[in-house]
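For reference, the structure discussed in these notes is given below.
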Amino acid sequence: MYICLCHGITDRQIRDAVSGGCCSFREVRTSLKVGTQCGKCACTAKGLVRETLADPLFIPARQA
């Protein structure tokens with residue numbers, strides 16, 4: 004599903020960024036530019052980052 008229409012960023016790309024080592028919305032925003040144009044997607048993207056980090060099955064790349 005597309006989260007950021009301005010930059011064409013999907014939920015999968017956000018989850019992959021978190022899996023790849025981004026530990027906060029700020030890091031995902033810097034990496035993918037999500038939420039940097041119109042800002043309408045920022046709340047949804049931030050929630051997705053939080054949800055991914057809170058998943059008990061999630062293992063960050065830095066710890067894998």
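The opening position of the sequence shown corresponds to residue 4 in the working numbering, with each subsequent residue numbered one higher.
C-beta atoms are modelled at their ideal positions from N, C-alpha and C, and glycine is treated no differently.
Owing to the predicted nature of the structure, the values given are computational and were not obtained by experimental measurement.
Status (buried if at least 16 other CB within 10 Å, exposed otherwise) for residue i
{"i": "I62", "result": "exposed"}
{"i": "L35", "result": "buried"}
{"i": "A67", "result": "Caution is warranted here: a pLDDT of 47 is assigned to A67, below 50, making its placement in the model unreliable, and no coordinate value can be reported."}
{"i": "R32", "result": "buried"}
Alpha-carbon spacing of residue i relative to residue j, whole angstroms
{"i": "C26", "j": "T55", "result": "10 Å"}
{"i": "H10", "j": "L60", "result": "29 Å"}
{"i": "A48", "j": "G23", "result": "16 Å"}
{"i": "D58", "j": "V52", "result": "10 Å"}
{"i": "G42", "j": "D14", "result": "16 Å"}
Span of the beta strand (DSSP E) around residue i
{"i": "Q7", "result": "Note that residue 7 corresponds to Cys in the displayed sequence, not to Gln. Unbroken beta strand (DSSP E) run through C7: 5-7."}
Start and end residues, alpha helix (DSSP H) containing residue i
{"i": "G50", "result": "45-57"}
{"i": "F28", "result": "28-35"}
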